[in-house]
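Here is the structure we will look at, set down as structure tokens.
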Amino acid sequence: MPPDPDADAVDRPDGPRRPRPRVRPARPEDAEVAAAMIAALSSEEGMPPAALTPALFRRQGFGPARLFLPLIAELDGRPAGVALLTRGYDSQSARAGLVVEDLYVDPSSRRCGVARALMAEAARLAQADGGAWVGWHVRRGNLRAQLFYRSLGAVAETVDIMGLSGEAFDALARE
């Protein structure tokens with residue numbers, strides 16, 4: 280039987296079939312595009328510009344002391360999305376997992392399976408490392424993201440994420 284030419288394609292509700300996204304570990308040479316996507320995420324969410332520069336992406340995303348695991352999704356051989364993952368631990372289950380710190384899909388690649396492919400790869404990586412979960416946060420006003428995550432089977436928890444930075448962080452650290 281000949282191979283199905285559409286076996287590696289996904290349906291788009293607004294147009295022709297497109298190839299399935301391919302997710303791979305980011306490489307240092309992806310720093311420019313990844314940092315630009317993270318900047319676009321901040322802008323779309325109405326946040327101040329992200330501090331992540333291409334130089335910081337290269338320094339913090341690679342090597343034995345890296346701070347995050349970066350993934351790149353490609354469509355038709357071009358970058359279409361990015362995810363930054365960190366390791367996490369859940370004391371309720373006593374299991375490790377991965378935290379999706381950032382996930383962004385280029386607007387021209389949305390509704391093509393890119394975000395789902397990035398989340399699936401995060402789950403595979405967590406499981407391969409002995410983890411049992413993937414977690415993330417989503418802004419309350421980002422209804423599109425909430426609907427997407429629910430489509431994956433995610434359940435919203437009622438927690439408030441709090442944090443310290445700047446002067447409050449420095450003051451507490453001096454105590």
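FYI, the numbering for the sequence shown is 280 to 454, going by our numbering.
Where is the CB? At the ideal position from N, CA and C, for every residue including glycine.
Burial state of residue i (16 or more Cβ within 10 Å)
{"i": "M398", "result": "buried"}
{"i": "R357", "result": "exposed"}
{"i": "R291", "result": "Below a pLDDT of 50, predicted positions are generally treated as unreliable, and R291, at 48, falls in that range; the measurement from the model is reported next regardless. Exposed, since its Cβ has fewer than 16 Cβ neighbours within 10 Å."}
{"i": "A401", "result": "buried"}
{"i": "L382", "result": "buried"}
{"i": "D309", "result": "buried"}
Residue interval of the beta strand (DSSP E) (run including residue i)
{"i": "V438", "result": "V438 -> no beta strand (DSSP E), and no H or E assigned at all."}
{"i": "G414", "result": "412-415"}
{"i": "R301", "result": "301-304"}
The ligand ADP heavy atom lying under 7 Å from the CB of residue i
{"i": "P386", "result": "The model depicted lacks the ligand ADP and carries no ligand whatsoever."}
Rounded straight-line distance, which links the Cα of residue j to that of residue i
{"i": "V384", "j": "A394", "result": "6 Å"}
{"i": "V302", "j": "D355", "result": "12 Å"}
{"i": "G442", "j": "P300", "result": "34 Å"}
{"i": "S321", "j": "P327", "result": "7 Å"}
{"i": "Y368", "j": "L350", "result": "20 Å"}
{"i": "G340", "j": "L348", "result": "6 Å"}
{"i": "E454", "j": "A447", "result": "11 Å"}
{"i": "N421", "j": "I317", "result": "16 Å"}
Residue i, enclosing alpha helix (DSSP H) - first and last residue
{"i": "R453", "result": "445-453"}
{"i": "R418", "result": "It is not in any alpha helix (DSSP H) - R418 carries neither H nor E in the DSSP assignment."}
{"i": "A319", "result": "310-323"}
Segment contact flag, the stretch 331-340 with the stretch 426-434, C-beta cutoff 8 Å, min 3 pairs: no
Completely contained beta strand (DSSP E) runs for the stretch 348-400, where each covers 3 or more residues: If only uninterrupted beta strand (DSSP E) runs of at least 3 residues are considered, those enclosed by the stretch 348-400 are 348-354, 357-369, 374-384.
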